[in-house]
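What follows is one structure encoded as structure tokens, with my remarks underneath.
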């Protein structure tokens, strides 16, 4: 599967009689490599993903006042977190409501 592509298939769970118990559609996405840089940063992070898709990100403060922010971005957007306090944060990236990447980022102004 090429980077940025996806593959979907249907899975049927059947009883010993051959009767369908449950059906589920499953999709795997290949987003290629993730890059969030620079890290540490003074506030602006480049998130390098597929530029044709829209992602949701969540940032959660670690070790200080808990702050959560939710943003929608395109895959090649620069994200400005300069309004946040210096410190460590947990960045989560979602595609179609599914968590696809998470990593620690550091703000040092």
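In our numbering, the protein residues as written are 2 to 110.
Note that the Cβ used here is the ideal one computed from N, Cα and C, for glycine as well.
Evaluate residue i with the Cβ neighbour count: other Cβ atoms within 10 Å of its Cβ, from every protein chain shown; 16 or more gives buried, anything less gives exposed.
i	result
residue 10	exposed
residue 107	exposed
residue 63	exposed
residue 37	buried
residue 12	exposed
residue 8	exposed
With DSSP collapsed to three states, give me the class of residue i.
i	result
residue 18	coil
residue 88	strand
residue 54	coil
residue 42	strand
residue 103	strand
residue 59	strand
residue 110	coil
residue 83	coil
residue 3	Note on residue 3: pLDDT 46, under 50, position unreliable in the model; the coordinate value appears next. Coil.
residue 13	strand
Expressed to the nearest angstrom, what Euclidean distance is found between the alpha-carbon atoms of residue i and residue j?
i	j	result
residue 25	residue 44	42 Å
residue 76	residue 88	25 Å
residue 94	residue 17	41 Å
residue 53	residue 78	11 Å
residue 49	residue 21	42 Å
residue 81	residue 47	9 Å
By Cβ distance below 8 Å, which residues in the same chain neighbour residue i in space, the five residues on each side in sequence not counted?
i	result
residue 41	106, 107, 108 and 109
Give me, in chain order, the residues of the same chain whose beta-carbon lies closer than 6 Å to that of residue i; leave out the 5 immediate sequence neighbours on both sides.
i	result
residue 60	70, 90 and 92
residue 83	44
Please work out which residues of its chain come closer than 7 Å, Cβ to Cβ, to residue i, disregarding the five sequence neighbours upstream and downstream, and give them in chain order.
i	result
residue 39	none
Could you check whether the segment 12 to 31 touches the segment 68 to 79, counting it as contact only if at least three pairs of C-beta atoms, one from each stretch, sit closer than 8 Å? These segments do not touch.
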